[in-house]
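Novice:
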Amino acid sequence: MNSERLRKINPAIKIARAIGWLALLISSILHLFILFSFNYNSDQLSIITVFPIWLWSAVGLGFITISIICTKKKILLCFLGAWIITALLGSDEFTSLKRGIFPTLEKSKTLADPAMAMKTLRIASINCNGRKIKAAIESIEYNPDIIFLQESPSPEDLKKIKNKFSDPTIEIVGGWDCAIIARGKLTKRNYPSLFYNHATGAMLTLENGSTIELLCIHLERAVTRWDLWNKNCWKEHQKRGRERRDQLSQLLSKYEEFASDRPKIFGGDFNSPKNSNLFKILSPEYTNAFGSVGKGIGNTFTNYFPVIRIDHIYTSPELEPIDASAVRTVHSDHRMLICDFIIK
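The sequence shown lines up with residues 1 to 344 when you count with the numbering used here.
#1: Do I265 and V293 count as a contact pair if the criterion is CB distance below 8 Å?
#2: Starting from the Cα of I88, find the closest Cα among M203, L105 and L61 and give me that residue.
#3: Using DSSP with H/G/I as helix, E/B as strand and the rest coil, what is N299?
#4: Would you check if the distance between the CB atom of D92 and the CB atom of R122 is smaller than 8 Å?
#5: Less than 7 Å between C-beta atoms, sequence neighbours within five positions excluded: which residues of the same chain meet that for A222?
#6: Give me the Cα-Cα distance between Y304 and S210, rounded to the nearest whole angstrom.
#7: Which word fits S283, buried or exposed, when buried means at least 16 other C-beta atoms lie within 10 angstroms of its C-beta?
#8: The beta strand (DSSP E) with N127 in it runs from where to where?
#9: Strictly by DSSP, which residues pair up with A326?
#10: Helix or strand or just coil, what does DSSP make of F51?
#11: Nearest-angstrom Cα distance between G267 and L77?
#12: For L6, count the other beta carbons within 10 Å of its own beta carbon; 16 or more makes it buried, fewer makes it exposed. Which is it?
#13: How is the alpha helix (DSSP H) around F94 delimited, first residue to last?
#14: 8 Å is my cut-off, CB to CB: does L158 come that close to chain B?
#15: Name the DSSP bridge partner or partners of N232?
In structure tokens:
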């Protein structure tokens, strides 16, 4: 009786072990491929790096868990730990959470030193989700000095937004896709028509006479097809990634020509996470505001379930970021990015 029962159990054990070792093999290959993809970070692999690394780690952890259950080998816990370390060290979220679990940025600039407050700039960036006026108005609550709007309301609607400010020094340039609202004098820059739907630039002259070069950016969406088994999907991701990088490169080349040696601030909706190879073209002088000082979860898309940070603000060394936060919105599908800077 017992021998017959054992004969029935043994095949089941063998199958379970086979599944376990197969799951380990898949997890190991996936781990090496993910590490290579995020370190090499090329257009050919953009279909992989468009997803956050913690998501791939979750997939790998799933396979390792299956392997541990099926093989009952405790040594496989090392593989489990390797995936956890990859998720923690590679994720954008872990970096900002180390600085602080909760955001510290308040609705108004709270600096004890009035002289320092005068040297502080607050910048907000928000995608208005199909030109919604209410989405743009949400940024006013945080009393920013500069606002970058993407999918912005029309020029006529922007005039209505201007009336919401009590400050007579507020000026607006742009409209229809990108717009800039700022305290001070805005001198609009004329970029090539190629960038009409992707950028608005201006030189801002502050009350003290100093100037800052501004650029609001809204790059094309990344490819949204995920049939990874289809080689055309990989080619489409690669092609779009190259096009978007060329677009940003040309745009920044013109921007830096306008800026000359004055301080620079550019930002908006790049439709790309911080680890994207899109940002390889940026000069080392530029600082990603949230990436350097932000606290809490900085993901900006989607508003209700933020899994990725695709909205960014960059500055040149003359502006030092001191705080940054991604704020939940009511009328946008993006969270609003707000950053405070000290003008050196």
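Glycine included, every Cβ here is placed at the ideal spot set by N, Cα and C.
Specialist: Let's see:
#1: Counting from one through the sequence shown, the residue named residue 293 turns up at place 293. Counting from one through the sequence shown, the residue named residue 265 turns up at place 265. It is not a contact, given that the beta carbons lie outside the stated cut-off.
#2: For the purposes of this step, residue 88 is identified with residue 88 of the sequence shown, where counting begins at 1. For clarity, residue 88 is Leu in the given sequence; the question names Ile instead. The shortest C-alpha separation from L88 is found at L61.
#3: The residue you call residue 299 lines up with position 299 of the sequence shown. Correct three-state label for N299: coil.
#4: Mapped onto the sequence shown, residue 92 falls at position 92. Mapped onto the sequence shown, residue 122 falls at position 122. Their beta carbons are not under 8 Å apart, which means D92 does not touch R122 by this criterion.
#5: Start at 1 with the first residue of the sequence shown, and residue 222 comes out as number 222. Excluding residues within five positions, the ones whose Cβ falls inside 7 Å are V50, R240, N271 and S272.
#6: Locating residue 304 in the sequence shown gives position 304, counting from the first residue. Locating residue 210 in the sequence shown gives position 210, counting from the first residue. One C-alpha to the other measures close to 39 Å.
#7: Counting from 1 along the sequence shown, the entry for residue 283 is found at position 283. So S283 ends up on the exposed side.
#8: As a position in the sequence shown, residue 127 is number 127, starting the count at 1. T120 to N127 is the extent of the beta strand (DSSP E) around N127.
#9: Translated into the one-based positions of the sequence shown, residue 326 becomes position 326. A326 pairs with L337.
#10: Position 51 of the sequence shown, counted from the first residue, corresponds to residue 51. It is coil, neither helix nor strand.
#11: The residue you call residue 267 lines up with position 267 of the sequence shown. The residue you call residue 77 lines up with position 77 of the sequence shown. Cα to Cα, G267 sits roughly 42 Å from L77.
#12: Here residue 6 is taken as the residue at index 6 of the sequence shown, counted from 1. In this prediction, L6 has a pLDDT of 48, which is less than 50 and means its spatial position is unreliable; what the coordinates show is noted afterwards. The residue is exposed, with fewer than 16 neighbouring Cβ atoms inside 10 Å.
#13: Counted from its first residue, the sequence shown places residue 94 at position 94. From DSSP, the alpha helix (DSSP H) with F94 extends over D92 to R99.
#14: In the structure shown, chain B cannot be found, because there is only a single protein chain.
#15: To locate residue 232, count along the sequence shown from 1; it is residue 232. Answer by DSSP bridge pairing: none, since N232 is not bridged.
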